[in-house]
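Participant:
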Amino acid sequence: MLGSNLETVLVRVMTSFGLMMIACNPGGNDSAGVTDGATSSSSDASETDAQTTTDTTVTPPTSTSGESASETGTTTTSTTTPTSTTDGTTEPVDPSETTTTDGTATTTDGTTTTTTDGTTTTDGTTTTTTGTSTDTSSTTDDPPDCVPTEDVEVTCDNIDNDCDSNVDNIDAGGDGICDCLSIGILGDVGYAPSSDFQAWLEEQGSSVVRTKLVNNPGVVTPAFLANYDLVLIDRIERALSADEAAALEAFVKEDGRGMITLIGYNFDNLNPAPERDRANSALAPFGLAYEGGYFGDGVIPTFDPDHPISMGIVDVNFAGGIQPVDVENQGTSEVFATVQAANAGIAHQTDMNGGRVIVWGDEWITFDSDWQGYADVQDFWVNMVAWAKPKDFCGAPQ
Ligand SMILES: [Ca+2]
Ligand SMILES: [Ca+2]
Ligand SMILES: [Ca+2]
210 MLGSNLETVL VRVMTSFGLM MIACNPGGND SAGVTDGATS SSSDASETDA QTTTDTTVTP
270 PTSTSGESAS ETGTTTTSTT TPTSTTDGTT EPVDPSETTT TDGTATTTDG TTTTTTDGTT
330 TTDGTTTTTT GTSTDTSSTT DDPPDCVPTE DVEVTCDNID NDCDSNVDNI DAGGDGICDC
390 LSIGILGDVG YAPSSDFQAW LEEQGSSVVR TKLVNNPGVV TPAFLANYDL VLIDRIERAL
450 SADEAAALEA FVKEDGRGMI TLIGYNFDNL NPAPERDRAN SALAPFGLAY EGGYFGDGVI
510 PTFDPDHPIS MGIVDVNFAG GIQPVDVENQ GTSEVFATVQ AANAGIAHQT DMNGGRVIVW
570 GDEWITFDSD WQGYADVQDF WVNMVAWAKP KDFCGAPQ
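Taking our numbering, the leading residue of the sequence shown gets 210, the next gets one more, and so forth.
#1: Residues bridged to F512 by DSSP?
#2: Run through DSSP, which three-state label would I574 get?
#3: Tell me whether the segment 537-551 and the segment 442-455 touch, counting them as touching only if at least three CB pairs, one residue from each stretch, are closer than 8 Å.
#4: Just to confirm, does I386 get its C-beta within under 8 Å of one of the non-hydrogen atoms of ligand 3?
#5: Rounding to the nearest angstrom, what Cα-Cα distance links S584 and T575 in this structure?
#6: Determine, using beta carbons only, whether G554 and S519 come nearer to each other than 9 Å.
#7: Between G521 and P514, is the Cβ-Cβ spacing less than 9 Å?
#8: With the cut-off set at 9 Å, would you say S415 and C387 are in Cβ contact?
#9: Determine the direct distance from the alpha carbon of S374 to that of V356, and round the result to whole angstroms.
#10: For Q558, which residues from the same chain have a beta carbon less than 6 Å from its beta carbon, with the 5 sequence-adjacent residues on both sides left out?
#11: Just reading off the beta strand (DSSP E) that D535 is part of, what are its end residues?
#12: So the beta strand (DSSP E) Q407 belongs to, where does it begin and stop?
#13: Would you check if the distance between the CB atom of E543 and the CB atom of A556 is smaller than 9 Å?
#14: Skipping 5 residues on each side, what residues in its chain have a beta carbon closer than 6 Å to that of G529?
#15: Kindly indicate which residue of V429, V361 and R485 has the alpha-carbon position closest to the one of G570.
#16: For L395, which of A597, R487, V586 and G604 has the nearest alpha-carbon?
#17: Among W409, V376, A432 and P494, which has the Cα closest to the Cα of V536?
#18: Have a look at D438 and P431 and give me their C-alpha separation to the nearest angstrom.
#19: What do you reckon, is the C-beta of D585 under 8 Å from a heavy atom of ligand 3?
#20: Nearest by alpha-carbon distance to G383: which of D588, L479 and D366 is it?
#21: Nearest-angstrom Cα distance between D579 and P402?
#22: What I want to know is whether the C-beta of N526 ends up closer than 8 Å to one or more non-hydrogen atoms of ligand 1.
#23: Near I509, which residues of its chain fall below 8 Å by C-beta distance, leaving aside the five closest residues on each side in sequence?
#24: How would you label N370, buried or exposed, when you count the other beta carbons within 10 angstroms and need 16 or more for buried?
#25: Around the C-beta of N378, are 16 or more other C-beta atoms found within 10 angstroms, so that it is buried, or is it exposed?
#26: Can you tell me the Cα-Cα spacing of D524 and V586, whole angstroms?
#27: Could you check the C-alpha separation between I368 and V376 for me, to the nearest Å?
#28: Identify whether A584 lies in helix, strand or coil by the three-state DSSP scheme.
#29: Can you give me the start and stop residues for the alpha helix (DSSP H) that S490 sits inside?
#30: For the alpha helix (DSSP H) that L479 lies in, which residues bound it at each end?
#31: Report the three-state DSSP secondary structure of A381 (helix, strand or coil).
#32: Which whole-angstrom value is the C-beta distance of L390 and K598, which I expect to be below 8 Å?
#33: Note down, in chain order, each residue of its chain lying with its Cβ closer than 8 Å to the Cβ of H516, except the 5 sequence neighbours on either side.
#34: Does ligand 2 have a heavy atom nearer than 8 Å to the CB of C355?
#35: Would you report the Cα separation of N480 and L492, rounded to the nearest angstrom?
#36: Quick one: is the Cβ of A381 within less than 8 Å of any heavy atom of ligand 3?
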């Protein structure tokens, strides 16, 4: 303890000397905030925006804000990264994390540990931490046990009413599609009638809303997307703006929700580039894309029998589609179907356990004709929706 105090005094003297040198230097860094730290409480989080790393000071114990103030209360030494104590440079401190000065704790030998910017400093030794690990005042608020209010869950309310650890896992018709899902379709319909598809989705209990993008600039916002758990990119009539693409990216990566994209509408005189570019504006944030020209008509996709999306799926039409590819490997992509030795469908799990994206290389699975002529289209949709939906909602994840 004695050595520690001596060391503290020495640091103070040397630092004061350094401060005088800086003060005497007309070209010195006036905005360094050194005097702020020396003349006022160093624990004032609001003053740490441009806190100088030479900030070493002595404050009375009452100067420590928060409920976990010094226990033995003689000396509070507040320092930040000591590796910068000689150059007088100013390091910005993330204001969003400066409230962690509550985490001040005093050890029995008088050494003080203070967290400011997520850095814990003890006797000049720096340990990087990520939060207020020294605050022992908030360790007793465990969540209460789940209390069932429904024997079998029937209410879509973001609450696990039957306490089976699955929130809103409701499928009254047993059709495989969660009744609490809110699905947003972006873009127009394709060439052929597709009313059966949307009507069928609604009949499975899900809410389905189609929003056209033509003459509707900037419609895809975080507030708009907050209405949906799953977004289906149908024939979008224009590319998404940068802001719209960013909103979609956050919707999937940060909110953990899902997106399914389709392609192959061929409204541009057999030129695949325009629709490819439009669809890719939604896929680019995920490092995914449609690439190349149109496959021929009537090709037969081969499904991976072991993937949850394609398990049991054989008979699905695929005509005039475009190959989906993962160009950046941001997350994890699995090819669950191929056609002509190329990808027909990609299942993409975003990084950091975020949401999921399915990139399907065709659009015929929305057409009424396919719903009548092919055996597995409905089951394919059931599997896709189940895989792409939010994992913490509407039943157990696949
Ligand atoms: Ca439940
Ligand atoms: Ca519920
Ligand atoms: Ca259902």
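C-beta: ideal position from N, C-alpha, C; glycine also.
Facilitator: In short:
#1: A546
#2: helix
#3: no
#4: Yes, the beta carbon of I386 sits closer than 8 Å to at least one heavy atom of ligand 3.
#5: Residue identity check: residue 584 is Ala in the sequence provided, not Ser. Rounded to whole angstroms, A584 to T575 spans 14 Å at the Cα level.
#6: yes
#7: yes
#8: yes
#9: 11 Å
#10: G540, T541 and R565
#11: Residues Q532 to D535.
#12: Per DSSP, Q407 belongs to no beta strand (DSSP E); it is in the alpha helix (DSSP H), S404 to E412.
#13: Contact flag set, yes.
#14: G473, N475, Y503 and D506.
#15: Of the listed residues, the one whose Cα sits closest to G570 is R485.
#16: For L395, the closest of A597, R487, V586 and G604 by C-alpha to C-alpha distance is R487.
#17: P494
#18: 12 Å
#19: no
#20: D588
#21: 10 Å
#22: no
#23: F527 and V548
#24: buried
#25: buried
#26: 7 Å
#27: 5 Å
#28: Coil at A584, not helix or strand.
#29: Looking at the DSSP string, the run of the alpha helix (DSSP H) that includes S490 is A482 to L492.
#30: Neither: L479 is in no alpha helix (DSSP H) and is coded neither H nor E.
#31: coil
#32: Indeed, because the Cβ distance is near 6 Å, the residues count as touching under 8 Å.
#33: E543, F545 and A556
#34: Not so, every heavy atom of ligand 2 lies at least 8 Å from the Cβ.
#35: 20 Å
#36: yes
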